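The block underneath contains the structure these notes are about, expressed in structure tokens.
There are 2 protein chains.
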Amino acid sequence: MEALKNAILERGQVVGEDILKVDTFLNHQLDVSLLNEIGKEFKRRFEGVEITKILTIEASGIAIASIAAQYFNVPVVFAKKVASKNLDHDTYETDVFSFTKAKNYKVRVSKKFINEGDKILVLDDFLAQGRAALGLRDIVLQGGAELAGVGIVIEKGFQEGGKVLRDQGIRVDSLAVIESFKEGAPVFE
Amino acid sequence: MEALKNAILERGQVVGEDILKVDTFLNHQLDVSLLNEIGKEFKRRFEGVEITKILTIEASGIAIASIAAQYFNVPVVFAKKVASKNLDHDTYETDVFSFTKAKNYKVRVSKKFINEGDKILVLDDFLAQGRAALGLRDIVLQGGAELAGVGIVIEKGFQEGGKVLRDQGIRVDSLAVIESFKEGAPVFE
Chain D
0 MEALKNAILE RGQVVGEDIL KVDTFLNHQL DVSLLNEIGK EFKRRFEGVE
50 ITKILTIEAS GIAIASIAAQ YFNVPVVFAK KVASKNLDHD TYETDVFSFT
100 KAKNYKVRVS KKFINEGDKI LVLDDFLAQG RAALGLRDIV LQGGAELAGV
150 GIVIEKGFQE GGKVLRDQGI RVDSLAVIES FKEGAPVFE
Chain U
0 MEALKNAILE RGQVVGEDIL KVDTFLNHQL DVSLLNEIGK EFKRRFEGVE
50 ITKILTIEAS GIAIASIAAQ YFNVPVVFAK KVASKNLDHD TYETDVFSFT
100 KAKNYKVRVS KKFINEGDKI LVLDDFLAQG RAALGLRDIV LQGGAELAGV
150 GIVIEKGFQE GGKVLRDQGI RVDSLAVIES FKEGAPVFE
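Chains D and U, in that order, are what the protein sequence lines are.
So in numbering that gives the first Met the number 0, the last spot in the first sequence is 188, and the numbers never skip.
So in numbering that gives the first Met the number 0, the last spot in the second sequence is 188, and the numbers never skip.
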């Protein structure tokens with residue numbers, strides 16, 4: 000997806016060996032026009048696949064999923080990382096290890112929102128080790144629903160997540176796959 | 000806004016004396032069609048007001064702000080509650096007390112994203128005690144920007160936040176104002 004790759008090259012920032020900051024347009028400040036292009040592209044990639052719901056994880060997946068959902072005409076559910084008085088006690092839970100935050104955290108979805116018969120598209124901003132996507136799949140399966148696929152904005156192709164998911168038969172569509180960082184710039188597959 | 004009030008009455012749930020759960024459409028599962036109507040209504044309310052950026056707070060403000068931003072044609076910035084390796088160290092910070100979570104938490108915005116000359120619209124899902132909105136205003140002012148207004152989906156009119164903000168000369172537009180809960184159902188102003 001050219002517009003996305005250009006945004007990464009022009010507005011992204013490589014920090015150290017393997018961190019790509021995209022906070023100018025994807026996960027702190029949000030370029031809503033680009034998110035619309037991303038949403039349309041997810042719809043194009045998953046054309047013909049039955050999707051009843053989009054599942055993502057707070058916080059950076061929410062904008063991507065919400066804008067994309069306009070093209071799929073389905074509701075979004077986002078998994079919560081923080082317990083709250085307002086959250087149902089009756090939840091599906093799973094543990095996810097975050098390499099960025101260097102800790103394990105629990106994510107939860109109210110049982111009301113994942114049901115048998117649901118065909119769920121998981122959307123997220125990054126795929127690196129694949130832990131968030133595997134956690135969301137676990138929640139989908141706990142709810143007796145089907146994982147229709149995983150849509151990722153930026154996949155770090157040099158990390159194992161993509162392979163781990165695809166080896167388990169999960170359909171993964173990434174709009175930009177970074178093969179490596181060379182002299183401080185991403186190189187796409 | 001009738002569609003919103005109907006959603007609150009039909010799909011919301013009053014818990015105890017003062018908690019309104021709207022997790023079926025606003026802050027866990029997201030009804031993206033309704034969010035579009037909400038976004039259009041914010042645009043109508045703030046017609047003629049110069050807005051250069053929308054500021055909200057993770058997690059439940061993000062979908063509302065992102066969908067609304069499509070009608071304002073401006074970027075969204077969301078304040079972060081969780082520190083992360085990927086977040087700039089150079090941030091505006093403020094403390095916010097959450098009554099729902101019963102604790103103080105820090106919110107942060109990278110200094111890159113709030114600038115002199117910005118006219119900022121703050122959007123959020125709920126207004127109760129007004130602490131989140133005041134925190135976001137503090138960040139706007141630290142950045143030398145101007146607070147153009149505060150747009151709220153659901154205001155709890157029986158709590159003090161709306162009065163506190165309006166008494167300070169802040170323009171607050173709430174799409175649904177709940178005056179009280181009567182026999183387990185919200186009564187609108």
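All C-beta atoms in this analysis are idealised placements derived from N, C-alpha and C, irrespective of residue type, glycine included.
Note that the structure is predicted; figures quoted are calculated from it, not measured.
Comparing the C-beta of Val76 of chain D with each C-beta of chain U, is any distance below 8 Å?
With 8 Å as the cut-off, Val76 of chain D counts as an interface residue toward chain U.
Roughly how many whole angstroms lie between the Cα atoms of Ile18 of chain U and Lys52 of chain D?
In a straight line, the C-alpha of Ile18 of chain U is about 27 Å away from that of Lys52 of chain D.
Taking C-alpha atoms, which residue in U:Val95, U:Lys79, U:Phe96, U:Ala68 lies nearest to His88 of chain U?
Minimum Cα distance to His88 of chain U is reached at U:Lys79.
Does the distance from the CB of Val152 of chain D to the CB of Leu3 of chain D come in under 8 Å?
For Val152 of chain D and Leu3 of chain D, yes; Cβs fall inside 8 Å.
Along chain U, in chain order, which residues have C-beta atoms closer than 7 Å to that of Asp117 of chain D?
The premise fails here: Asp117 of chain D is roughly 12 Å from chain U at the closest Cβ pair, so nothing lies under 7 Å.
Is the region 62-81 of chain U close to the region 139-149 of chain U, with three or more CB pairs under 8 Å?
Counting Cβ pairs under 8 Å, fewer than three are found: no touch.
Please confirm if the region 90-103 of chain D is in contact with the region 90-97 of chain U, defined as three or more CB-CB distances below 8 Å between the two stretches.
They do not touch, by the three-pair rule.
Mark Thr99 of chain D as exposed unless 16 or more other C-beta atoms lie within 10 angstroms of its C-beta, in which case mark it buried.
Label assigned to Thr99 of chain D: exposed.
Please name the residue or residues paired with Ile193 of chain D in a DSSP beta bridge.
Here chain D comprises residues numbered 0 to 188, so residue 193 of chain D is not present and cannot be evaluated.
Look up Ile138 of chain D in the DSSP assignment and give the residues it is bridged to.
Its beta-bridge partners do not exist; DSSP assigns none.
To which residues of the same chain is Phe112 of chain U closer than 7 Å at the C-beta, ignoring the five residues directly before and after it?
Excluding positions up to five away in sequence, the list reads Val76.
For Thr55 of chain U, write down the residues that DSSP places opposite it in a beta bridge.
Answer by DSSP bridge pairing, in chain order: U:Phe77.
With C-beta atoms as the reference, is Asn5 of chain U less than 8 Å away from Asp124 of chain U?
It is not a contact, given that the beta carbons lie outside the stated cut-off.
Can you find a CB in chain U that lies within less than 8 Å of the CB of Val31 of chain D?
Closer than 8 Å to some Cβ of chain U, the Cβ of Val31 of chain D qualifies, so yes.
How close, in whole Å, do the beta carbons of Ala62 of chain D and Ser65 of chain U come, if the pair is a contact with beta carbons under 8 Å?
Sure, about 4 Å apart at Cβ, within 8 Å.
Give me the chain D residues within the contact set of Gln141 of chain U, using Cβ-Cβ distance strictly less than 7 Å, ordered along the chain.
Those do not exist, as Gln141 of chain U stays about 16 Å from chain D at its closest Cβ, beyond 7 Å.
Measuring only between beta-carbons, confirm whether Ile151 of chain U sits less than 8 Å from chain D.
No, its Cβ sits nowhere closer than 8 Å to a Cβ of chain D.
Could you pull the DSSP bridge partners for Phe98 of chain D from this structure?
BP columns for Phe98 of chain D are empty, so no partner.
Just verifying my parser: in three-state terms, what is the DSSP assignment at Asn103 of chain U?
In this structure, Asn103 of chain U counts as strand in the three-state DSSP scheme.
Distance check for Gly129 of chain U and Gln191 of chain D, CA to CA, integer angstroms please.
Limits of chain D in this structure are 0 at one end and 188 at the other, which puts residue 191 of chain D out of reach.
Within this structure, are the beta carbons of Ile56 of chain D and Ala147 of chain D separated by less than 8 Å?
No, these two residues do not count as a Cβ contact at 8 Å.
Counting only beta-carbon atoms, is His88 of chain U nearer than 8 Å to chain D?
Output row for His88 of chain U: interface = no.
For a contact defined as C-beta to C-beta under 8 Å, what are the partners of Asp137 of chain D on chain U?
Within chain U, no residue comes near Asp137 of chain D; the closest Cβ sits about 18 Å away, beyond 8 Å.
Would you kindly report the start and end of the unbroken alpha helix (DSSP H) that includes Leu19 of chain U?
Not the alpha helix (DSSP H): Leu19 of chain U falls in the beta strand (DSSP E), residues 18-20.
Considering only residues of the same chain and omitting the five flanking positions on each side of Glu49 of chain U, which have a CB-CB separation below 8 Å?
So the qualifying residues of the chain are Lys118, Ala147.
Pull up the distance between the alpha-carbon of Val163 of chain D and that of Gly134 of chain D, whole angstroms please.
Their Cα atoms are separated by approximately 13 Å.
If you drop the 5 nearest sequence neighbours on each side, which residues of the same chain put their C-beta closer than 6 Å to that of Gly11 of chain U?
Hits under 6 Å: Leu19, Val21.
From the DSSP output, in three-state form, read off Leu146 of chain D for me.
Three-state result, Leu146 of chain D: strand.
To the nearest angstrom, how far is the alpha carbon of Gly116 of chain D from that of Gln167 of chain D?
The alpha-carbon atoms of Gly116 of chain D and Gln167 of chain D are separated by roughly 21 Å.
Check for me: the beta strand (DSSP E) holding Val14 of chain U runs from which residue to which?
Where Val14 of chain U is concerned, the enclosing beta strand (DSSP E) stretches over 12-14.
Would you mind sorting Ser109 of chain D into buried or exposed? The rule is 16 or more other CB atoms within 10 Å of its CB.
Looking at its Cβ environment, which holds 16 or more other Cβ atoms inside 10 Å, Ser109 of chain D is buried.
Arg44 of chain D: which of D:Gly183, D:Ser32, D:Met0, D:Lys105 sits nearest, CA to CA?
Out of D:Gly183, D:Ser32, D:Met0, D:Lys105, D:Met0 has the C-alpha closest to the C-alpha of Arg44 of chain D.
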